[in-house]
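S.K.: Structure below; questions to follow.
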Amino acid sequence: MASHDHAHDDHAHGHDDHHHGPEKGIMRWIKTTNHKDLGTLYLIFSFTMFFIGGLMSLVIRAELWHPGLQFVDPEFFNQMTTLHALVMIFGGVMPGFTGLANWMVPMMVGASDMALPRVNNWGFWILPFAFTLLLSTLFMPGGGPAGGWTMYPPLVLQTGEGFPFLIFAIHLMGISSITGAINVVVTVLNLRAPGMTLLKMPLFCWTWLITAYLLIATMPVLAGAVTMLLTDKYFATSFFTASGGGDPVMFQHIFWFFGHPEVYILILPAFGVVSTIIPTFARKTLFGYDSMVYATASIAFLSFIVWAHHMFTVGMPLAGELFFMFSTMLIAVPTGVKVFNWIATMWRGSMTFETPMLFAIAFVFLFSIGGFSGLMLAIAPVDFQYHDTYFVVAHFHYVLVPGAVFSIIAAVYYWIPKWTGVMYNEFWGKVHFWLSAIFINVTFFPQHFSGLAGMQRRVPDYAVQFVDFNMISTIGAFVFFIAQFIFIFNMIACMARKGQKASDRVWEGAHGLEWTVPSPAPYHTFEDPPRIGDAELAAVHDSGAGYSDHKH
Amino acid sequence: MSSHAAPAAAGSPPSRYFVPDPSVWPFILTAGLFTVIVGVWGFLEHKQFPIALPIYAGAAVSIYIIFRWLRGVSLESEHGKYNLQVDGTYRMAMAWFIFSEVMFFGAFFGALWYAREMSIPWLSGEGTKMATHLALWPGFENIWPNNGPMELNGHFETVGAWGLPFVNTLLLLTSGVTITMAHHALKENHRLSTILWMWATVGLGVAFLICQAYEYHHAYEGLNLKLASGIYGSTFFMLTGFHGMHVTLGTIMLIIITCRLMAGHFKPDSHFGFEGVAWYWHFVDVVWIGLFVFVYVL
Ligand code: HEM
Ligand SMILES: [Cu+2]
Numbered sequence: 001m002a003s004h005d006h007a008h009d010d011h012a013h014g015h016d017d018h019h020h021g022p023e024k025g026i027m028r029w030i031k032t033t034n035h036k037d038l039g040t041l042y043l044i045f046s047f048t049m050f051f052i053g054g055l056m057s058l059v060i061r062a063e064l065w066h067p068g069l070q071f072v073d074p075e076f077f078n079q080m081t082t083l084h085a086l087v088m089i090f091g092g093v094m095p096g097f098t099g100l101a102n103w104m105v106p107m108m109v110g111a112s113d114m115a116l117p118r119v120n121n122w123g124f125w126i127l128p129f130a131f132t133l134l135l136s137t138l139f140m141p142g143g144g145p146a147g148g149w150t151m152y153p154p155l156v157l158q159t160g161e162g163f164p165f166l167i168f169a170i171h172l173m174g175i176s177s178i179t180g181a182i183n184v185v186v187t188v189l190n191l192r193a194p195g196m197t198l199l200k201m202p203l204f205c206w207t208w209l210i211t212a213y214l215l216i217a218t219m220p221v222l223a224g225a226v227t228m229l230l231t232d233k234y235f236a237t238s239f240f241t242a243s244g245g246g247d248p249v250m251f252q253h254i255f256w257f258f259g260h261p262e263v264y265i266l267i268l269p270a271f272g273v274v275s276t277i278i279p280t281f282a283r284k285t286l287f288g289y290d291s292m293v294y295a296t297a298s299i300a301f302l303s304f305i306v307w308a309h310h311m312f313t314v315g316m317p318l319a320g321e322l323f324f325m326f327s328t329m330l331i332a333v334p335t336g337v338k339v340f341n342w343i344a345t346m347w348r349g350s351m352t353f354e355t356p357m358l359f360a361i362a363f364v365f366l367f368s369i370g371g372f373s374g375l376m377l378a379i380a381p382v383d384f385q386y387h388d389t390y391f392v393v394a395h396f397h398y399v400l401v402p403g404a405v406f407s408i409i410a411a412v413y414y415w416i417p418k419w420t421g422v423m424y425n426e427f428w429g430k431v432h433f434w435l436s437a438i439f440i441n442v443t444f445f446p447q448h449f450s451g452l453a454g455m456q457r458r459v460p461d462y463a464v465q466f467v468d469f470n471m472i473s474t475i476g477a478f479v480f481f482i483a484q485f486i487f488i489f490n491m492i493a494c495m496a497r498k499g500q501k502a503s504d505r506v507w508e509g510a511h512g513l514e515w516t517v518p519s520p521a522p523y524h525t526f527e528d529p530p531r532i533g534d535a536e537l538a539a540v541h542d543s544g545a546g547y548s549d550h551k552h
Numbered sequence: 001m002s003s004h005a006a007p008a009a010a011g012s013p014p015s016r017y018f019v020p021d022p023s024v025w026p027f028i029l030t031a032g033l034f035t036v037i038v039g040v041w042g043f044l045e046h047k048q049f050p051i052a053l054p055i056y057a058g059a060a061v062s063i064y065i066i067f068r069w070l071r072g073v074s075l076e077s078e079h080g081k082y083n084l085q086v087d088g089t090y091r092m093a094m095a096w097f098i099f100s101e102v103m104f105f106g107a108f109f110g111a112l113w114y115a116r117e118m119s120i121p122w123l124s125g126e127g128t129k130m131a132t133h134l135a136l137w138p139g140f141e142n143i144w145p146n147n148g149p150m151e152l153n154g155h156f157e158t159v160g161a162w163g164l165p166f167v168n169t170l171l172l173l174t175s176g177v178t179i180t181m182a183h184h185a186l187k188e189n190h191r192l193s194t195i196l197w198m199w200a201t202v203g204l205g206v207a208f209l210i211c212q213a214y215e216y217h218h219a220y221e222g223l224n225l226k227l228a229s230g231i232y233g234s235t236f237f238m239l240t241g242f243h244g245m246h247v248t249l250g251t252i253m254l255i256i257i258t259c260r261l262m263a264g265h266f267k268p269d270s271h272f273g274f275e276g277v278a279w280y281w282h283f284v285d286v287v288w289i290g291l292f293v294f295v296y297v298l
């Protein structure tokens, strides 16, 4: 054995004989390669962005309180809709899920850390820089981007001086997503503890694995698309200019080739979270584990061949309209399999309704509403009327807020006792849940009606007959926003270690490796690959195909 | 970093997970890139501040950190800290990274395909677009190369496929062979011949870049083929340009690997640093074949 005289060499081996914890102060967070630290950073970043994006949405809702112009000028209104979407998607939901993956995937598969810890650090620290670029455009001549988060040319090319910052911010976010995704893929494929075969992994790892694949496949395409925007504006290329032989519609194709898989990037990890929480509180194993895996994989595959359902009204050949209409409807099949499995998991379970479970059940119901409106939008001739109305806004907010965002909230409630060692306050958790669940519907349900009646999205003014629906929406939005502070304070209390101590198992029905370690989970969890008890695996997986290789 | 050279044989026991120390490299790298971006923004928006300063300073910091990082990784590897699992990690990560690069090029190949199969035919009245065609640009024909109905940047000629581009194809294909020879030599522990084959590969890469630079010069000065030459110029220069950037990067990585070989790094049975660069080089090679067929020949 070589004589290592340098302390940090020993540390790199993960020796526990001098088990020093993290460094102190700000440098700990800047230098950290620890998946738990980085998970925390990701989550804090994500909730900061939810806050900023939320403020923007309140500007939008305040402006829409009444027809006519009230508070902001139309140019600024459009900057708000554009930045709200970019901040929520790339700053809120995606880093939120990456934070959950950072915390949970290594613990779930029995690894000591993510596969590439330094790259992991890089992936996180890119984000604050990227969003500094993006948000600083608001203070520049010409303001922030205002052409919508989809950045369609030629409109987006009229952005002011901040335009390069928009493009480079997207480049940076892409690098961050790809590094995060590679980390997840490699951790899942290469660092699983002995005995944990792929089909015995917790479903959260599976959905994240497939999400990561989608990220690696599509973020570079987005990078290519925005690079073409940049060269079109500054280097006289004509990708999206008809006079030079290009076509603005080409941008839409390239963008949505990224964009539709992106919406699944925003929802697949949520599926994983819900598939973890529901079995715990129904005290049953997940119904149809294998079909869940296959359904996730089919969704990922299909998501690459449906993109032009965002472009039905742009002028496509009839064959294109038909193809994309039917392929889109196909996605409802695996999605239906999932919803069925969640319900079947709850069937005859001995259920209790702690806060994470409430959010998970709300997810199943409200996400399904978003799925149904998606099906309506998938019908091309019908979409001719719905496109670019508030009906679309209602659709994607149902899948994204009570969908993706609820799942992040549910996951934080579910795992924070493991992270901090302290139980959150259940009473305030329930209050938070009911306020959120009610007011999210107050906010978005009326938008179905105003949309069907013809109210257009991304316009600060509207016809007077929509005023009631809009006032209801605005009230819902403000209450929902305020209600989130209950959650934030609840979580801060846990982080400040104020509250009841949590047991190691935390939830009676919880299974999986993460529940076998102490609460709070030690800084380095599995320095040696753990031996996994059969009971732990059997509880994650129902007795399906994954067990055929397990007979003695 | 640590100057002591632990015997390479000592490795962390394979059952143990390897976890690196905390590191400031990634943060500083991002700060460097951020500084470059601010400089480039100044350049694009014609700002008055000395634009070169942030660009050069940021680039210098970034490059320095990348070298530090790579050096740290190679030292860790040479000090035997990596077990087989880490090796697997690097392999998978590199493979997925290359996949992401493939998708990046895919966007630009897609744009080329779309322009030739969709937008140009439509602008010339195909499908249901006849009325638009007659109303807007009645004389416009569906031919390739094309710089659009407004003939942006005026008349231009294209680079013939069977001149320099063909030479370049041969150069890169040969370099694919030489790097494979180097790999075989390394596996048989013929270090000198490995190094010679590697320098041959580097030489071919540099030769490719020189030809490419000459070709660009000729296109701009002799053929009036520019980035601004409509959709042809856009796709031509963006595809070959990004490829050229990747060849440049690949060549630098080849040089680094060759220097490491000369410093005695890598063993016949464990040399992922070498293989990763070789994969990258083959990837660059394959993209070029795609370019040669779809940009130059067809
Ligand atoms: C059953 C599954 C789904 C179907 C059939 C579906 C269908 C559609 C269609 C046809 C549109 C285009 C509407 C238009 O612009 O006229 C659309 C828009 C959208 N969908 Fe979905 N969708 C589904 C699930 C989801 C999920 C799971 C998410 C995200 C978590 C999502 C997010 C979005 C977003 C963000 C938009 C609007 C994009 C924009 O124009 O800004 N959808 N959906
Ligand atoms: Cu879609």
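Residue numbers (the UniProt record's numbering), protein chains in the order written: chain W, 1 to 552; chain V, 1 to 298. Cβ atoms here follow ideal geometry from the backbone N, Cα and C, with glycine treated the same way.
Using a Cβ-based criterion (distance less than 7 Å to any ligand heavy atom), does W/HIS84 qualify as near ligand 1?
M.R.: Flag unset: Cβ of W/HIS84 not near ligand 1.
S.K.: Quick test of your reading: V/ASN146 and V/ILE120, contact by CB under 8 Å. State the CB separation rounded to the nearest angstrom.
M.R.: About 5 Å separates the two Cβ atoms, so the contact holds.
S.K.: Check for me: the alpha helix (DSSP H) holding V/ILE120 runs from which residue to which?
M.R.: Residues 120-123.
S.K.: Return yes when at least one heavy atom of ligand 4 lies under 7 Å from the C-beta of W/THR150, else no.
M.R.: In terms of ligand content, the structure shown lacks ligand 4 and carries ligand 1 and ligand 2 instead.
S.K.: Output yes if chain W places a C-beta closer than 8 Å to the C-beta of V/ASN142; else output no.
M.R.: No, V/ASN142 does not count as interfacial toward chain W.
S.K.: Which residue's Cα is closest to the Cα of W/VAL431: W/PRO460, W/ILE482 and W/HIS387?
M.R.: Ranking the options by Cα distance to W/VAL431, first place goes to W/ILE482.
S.K.: State the Cα-Cα distance for the pair W/LEU55 and W/ALA85, rounded to the nearest angstrom.
M.R.: Each residue's Cα considered, the two are about 12 Å apart.
S.K.: Kindly say whether W/LYS31, judged by its beta-carbon, lies nearer than 8 Å to any beta-carbon of chain V.
M.R.: Chain V, which has a Cβ nearer than 8 Å to the Cβ of W/LYS31, makes this yes.
S.K.: Provide the residue span of the alpha helix (DSSP H) that contains W/TRP428, from first to last.
M.R.: Unbroken alpha helix (DSSP H) run through W/TRP428: 426-452.
S.K.: Using the beta-carbon of each residue, which ones in chain W are nearer than 8 Å to V/GLU45?
M.R.: The contacting residues are GLU161 and PRO164.
S.K.: Give a yes or no on whether 8 Å exceeds the smallest Cβ distance from W/ALA12 to chain V.
M.R.: Reliability fails at W/ALA12, whose pLDDT of 41 lies under 50, so the model's placement of it is uncertain and the value that follows must be treated cautiously. Yes, W/ALA12 lies at the interface with chain V (some Cβ there is under 8 Å from its Cβ).
S.K.: So W/GLY182 contacts chain V; which residues on that side make the cut at Cβ distance below 7 Å?
M.R.: Checking the sequence, you will find Ile at residue 182 of chain W rather than Gly. Residues of chain V passing the Cβ test: ALA93, TRP96 and PHE97.
S.K.: Looking at W/THR237 and V/SER234, is the spacing between their C-beta atoms short of 8 Å?
M.R.: Yes, Cβ-Cβ distance for V/SER234 and W/THR237 is below 8 Å.
S.K.: Hey, is V/LYS147's beta-carbon within less than 8 Å of any beta-carbon in chain W?
M.R.: A quick correction: the sequence has Asn, not Lys, at residue 147 of chain V. Answer yes: the Cβ-Cβ gap between V/ASN147 and chain W drops below 8 Å somewhere.
S.K.: With distances taken from CA atoms, which of W/LEU400, W/PHE384 and W/LEU377 is nearest W/VAL364?
M.R.: It is W/LEU400 whose Cα lies nearest to the Cα of W/VAL364.
S.K.: Helix, strand or coil for V/SER270? Go by DSSP, reduced to three states.
M.R.: The answer is strand: DSSP assigns V/SER270 an E or B state.
S.K.: Check each candidate in W/PHE251, W/ALA242, W/MET219 and W/LEU215 and name the one with the smallest Cα separation from W/LEU230.
M.R.: If we check each option's Cα against that of W/LEU230, W/PHE251 comes out closest.
S.K.: To the nearest angstrom, how far is it from the Cα of W/PHE445 to the Cα of V/PRO26?
M.R.: Cα-Cα distance, rounded: 44 Å.
S.K.: Give the residues whose C-beta lies closer than 6 Å to at least one heavy atom of ligand 1, in chain order.
M.R.: Going along the chain, the residues that qualify are W/THR150, W/VAL263, W/LEU266, W/ILE267, W/HIS309, W/HIS310, W/THR328, W/ILE331, W/ALA332, W/THR335, W/GLY371, W/GLY374, W/LEU375, W/LEU377, W/ALA378, W/ASP383, W/TYR386, W/HIS387, W/VAL392, W/HIS395, W/PHE396, W/VAL399, W/LEU400, W/GLY403 and W/ALA404.
S.K.: Which residues does DSSP list as the beta-bridge partners of W/LYS418?
M.R.: In DSSP, W/LYS418 forms no bridge with anything.
S.K.: Name, please, each residue of chain W whose Cβ falls closer than 7 Å to the Cβ of V/PHE108.
M.R.: What V/PHE108 touches in chain W: GLY224.
S.K.: Using three-state DSSP, classify W/GLN456 as helix, strand or coil.
M.R.: In the structure shown, W/GLN456 sits in a strand (DSSP, three-state: E or B).
S.K.: Can a CB atom of chain V be found closer than 8 Å to the CB of W/VAL314?
M.R.: With 8 Å as the cut-off, W/VAL314 does not count as an interface residue toward chain V.
S.K.: Quick one: what does DSSP say V/GLY180 is sitting in, helix, strand or coil?
M.R.: Reading off the sequence shown, one finds Thr at residue 180 of chain V, where the question assumed Gly. If DSSP states are grouped into helix, strand and coil, V/THR180 belongs with the helices.
S.K.: Taking the alpha carbon of W/GLY320 as the reference point, which residue from W/HIS253, W/ALA270 and W/ILE299 has its own alpha carbon closest?
M.R.: Ranking the options by Cα distance to W/GLY320, first place goes to W/HIS253.
S.K.: Check whether the Cβ of W/HIS253 sits closer than 7 Å to any heavy atom of ligand 2, and report yes or no.
M.R.: Checking every heavy atom of ligand 2 against the Cβ of W/HIS253, none is found closer than 7 Å.
S.K.: Kindly indicate which three-state DSSP category V/THR158 falls into: helix, strand or coil?
M.R.: Correct three-state label for V/THR158: coil.
S.K.: Contact between the stretch 394-410 of chain W and the stretch 93-109 of chain W: three or more CB pairs below 8 Å?
M.R.: Touching, yes.
S.K.: List, in chain order, every chain V residue whose beta-carbon is nearer than 7 Å to that of W/THR82.
M.R.: The premise fails here: W/THR82 is roughly 19 Å from chain V at the closest Cβ pair, so nothing lies under 7 Å.
S.K.: Counting pairs of Cβ atoms below 8 Å between the stretch 275-295 of chain W and the stretch 337-356 of chain W, do you hit three or more?
M.R.: The stretch 275-295 of chain W is in contact with the stretch 337-356 of chain W.
S.K.: Which residue marks the beginning of the alpha helix (DSSP H) containing W/THR207, and which one marks its end?
M.R.: Taken as a continuous stretch (DSSP letters only), the alpha helix (DSSP H) holding W/THR207 covers 203-234.
S.K.: Our contact map puts W/GLY53 next to W/GLY91 with C-beta atoms below 8 Å; I'd like the distance itself, whole angstroms only.
M.R.: Indeed they touch by this definition, with Cβ atoms about 7 Å apart.
S.K.: Please state whether the Cβ-Cβ distance between V/ILE65 and V/GLY32 is less than 8 Å.
M.R.: Cβ distance < 8 Å, so V/ILE65 and V/GLY32 count as in contact.
S.K.: Who are the neighbours of V/VAL40 on chain W, taking C-beta pairs under 8 Å?
M.R.: Under the 8 Å cutoff, chain W gives PRO164 and PHE168.
S.K.: Check whether the Cβ of V/TRP25 lies closer than 8 Å to any Cβ atom in chain W.
M.R.: It does: the Cβ of V/TRP25 has a partner Cβ on chain W nearer than 8 Å.
S.K.: Against W/GLU23, what residues of chain V qualify as contacts under a CB-to-CB distance less than 9 Å, listed in chain order?
M.R.: Within chain V, the residues near W/GLU23 are PRO22.
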